[in-house]
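Undergrad: Below is a structure I'd like to ask you about.
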Amino acid sequence: QLNLKNHFVLKNVAPASEDYRVEQIHFHWGHANDDVNGSEHLLEGRSYPLEMHIVTYSSWFSNIHEAMSNTRALAVVGVFFELSFESNPFLQPIISALGRIRDNGKHVVINENFNLKALIGEKRMRRYYRYDGSLTTPPCYESVIWSVLQEPLQLSSEQLQAFQRLHGEKSVLMKNTYRTIQSIGSRKLFRSFTSENIHDDEIKKQISSSTSYGQYLSVNMKFLFVLMNLLMLIA
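No gaps in the numbering here: position 62 of the sequence shown is 62 in UniProt numbering, and each next residue is one more.
Here it is as structure tokens:
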């Protein structure tokens, strides 16, 4: 988990007028030698070995603990990672730090600038899905506006293994740190792009056909552009 040393206020993180504050960034993965499972979302039935969550809360609240039980008070951006033969240089500041905090309770300051804007990329942020959902850890409050980017980022097998080698309580290897897939139920799923290239019929049924709303969401995702050159604290 990456905790920000300072508060950063984001504008237009959700279809609402208030600002949202970045609380932390964290990751979910599977287990050693598993390069398929780990993500908390599926894209057209496919899982990914790593998923990053950028967690924010409405500035109407003094802190995330006060906000998390209130409807739409949290906004989380989900980003998939898929394996590549080459390492991702923009992810490397985090990977380098992981080697120094393999055991539970340790923390380290990242001295290198972690550039989230460079990691994600402007074009990638234009295509995403959005829905009202819940936290993926207990007590799983139904308070989250989810935005999940369609196009995954890349990382190497060695970078993925840096996550898979981390230890939790009692020095037990941390594995399968993701929540199993839940039914979407009656939730409406929106997207910021046309569905011509979507092949999953079930997803098509759930996706809103509102072009104007999709264009509005595209503007809202520009909030990520302000997340650049941040010094992070891993805890």
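C-beta atoms are modelled at their ideal positions from N, C-alpha and C, and glycine is treated no differently.
(1) Since residue 237 and Ser87 should fall inside the 8 Å C-beta cutoff, what is the C-beta to C-beta distance between them, to a whole number of angstroms?
(2) Grab me the residues of Lys175's own chain with a C-beta within less than 6 Å of its C-beta, minus the 5 sequence neighbours each way, in chain order.
(3) Report the three-state DSSP secondary structure of Met52 (helix, strand or coil).
(4) Which residue from Pro93, Pro49, Tyr141, Glu44 puts its Cα closest to that of Asp34?
(5) Between which two residues does the alpha helix (DSSP H) carrying Phe163 extend?
(6) Checking 8 Å against the spacing of the C-beta atoms, do Cys140 and Ser134 come in under that value?
(7) Quick one: using the 10 Å Cβ neighbour count with 16 as the cut-off for buried, is Ser62 buried or exposed?
(8) Rounded to the nearest angstrom, what separates Tyr171 and Ser192 at their Cα positions?
(9) Under the rule that 16 or more other beta-carbon atoms within 10 Å means buried, what is Ile181, buried or exposed?
(10) Give me the Cα-Cα distance between Gln154 and Arg72, rounded to the nearest whole angstrom.
(11) Give, in chain order, every unbroken run of the beta strand (DSSP E) that is at least 3 residues long and sits entirely within the segment 33 to 111.
(12) What's the C-alpha gap between Phe223 and Val77?
(13) Whole angstroms are fine: how far does the CA of Phe190 sit from the CA of Leu149?
(14) Would you kindly check if the distance between the Cβ of Met52 and the Cβ of Phe85 is under 8 Å?
TA: According to the structure data:
(1) This structure cannot speak to residue 237, because the chain is shown only from 1 to 235.
(2) His31
(3) strand
(4) Checking every option, the nearest Cα to that of Asp34 belongs to Pro49.
(5) 157 to 164
(6) yes
(7) exposed
(8) Reading the sequence as shown, one finds Ser at residue 171 and not Tyr. Ser171 and Ser192: Cα-Cα distance of roughly 43 Å.
(9) exposed
(10) 30 Å
(11) Counting only runs of 3 or more, we get 50 to 58, 74 to 83.
(12) Residue placement at Phe223 is poorly supported in this model, since its pLDDT is 39, which falls under 50; the coordinates are not used for a value here.
(13) 12 Å
(14) Not a contact, by the Cβ cut-off of 8 Å.
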